[in-house]
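Here the structure is laid out as structure tokens; the discussion comes afterwards.
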Amino acid sequence: MMPGGLTEAKLATPEIQEIAELVRVGHNSYSHMKIVKPLPQQRQSLTLTGYQTDESKADEQPGF
Numbered sequence: 063m064m065p066g067g068l069t070e071a072k073l074a075t076p077e078i079q080e081i082a083e084l085v086r087v088g089h090n091s092y093s094h095m096k097i098v099k100p101l102p103q104q105r106q107s108l109t110l111t112g113y114q115t116d117e118s119k120a121d122e123q124p125g126f
């Protein structure tokens, strides 16, 4: 894997699940979010760099 590259889809970790629970969407409606976590030495917070709304569970998650 390259730094900053995409990985294969995998189950959410507890940290990722905590972030996802902050997002509220309707029944059977999903949002895809691209969130960047800076390196520890940068001492910065998470940054939302992109999102897609009105997605379904089956929709692909391309690098947007």
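FYI, in the numbering used here the residues of the sequence shown are 63 to 126.
All residues carry an ideal CB built from backbone N, CA and C; glycine is no exception.
Say yes only if the C-beta of residue i is nearer than 7 Å to one or more non-hydrogen atoms of the ligand PLP, and no if none qualify.
i	result
ILE97	Summarising the ligand content, the structure contains no ligands, and the ligand PLP is consequently not present.
Taking the alpha-carbon positions, what's the residue i to residue j distance?
i	j	result
MET63	GLU70	Summary for MET63: the model assigns pLDDT 48, below 50, so the residue's position carries little reliability, and this model does not support an answer.
GLY112	GLU122	15 Å
PRO102	GLU77	15 Å
GLN114	ASN90	15 Å
PRO100	TYR92	25 Å
Quick one, are the C-beta atoms of residue i and residue j less than 8 Å apart?
i	j	result
LEU84	ILE97	no
My parser needs the beta strand (DSSP E) runs of 3 or more residues fully inside the segment 75-126; what are they? 92-98 and 109-117
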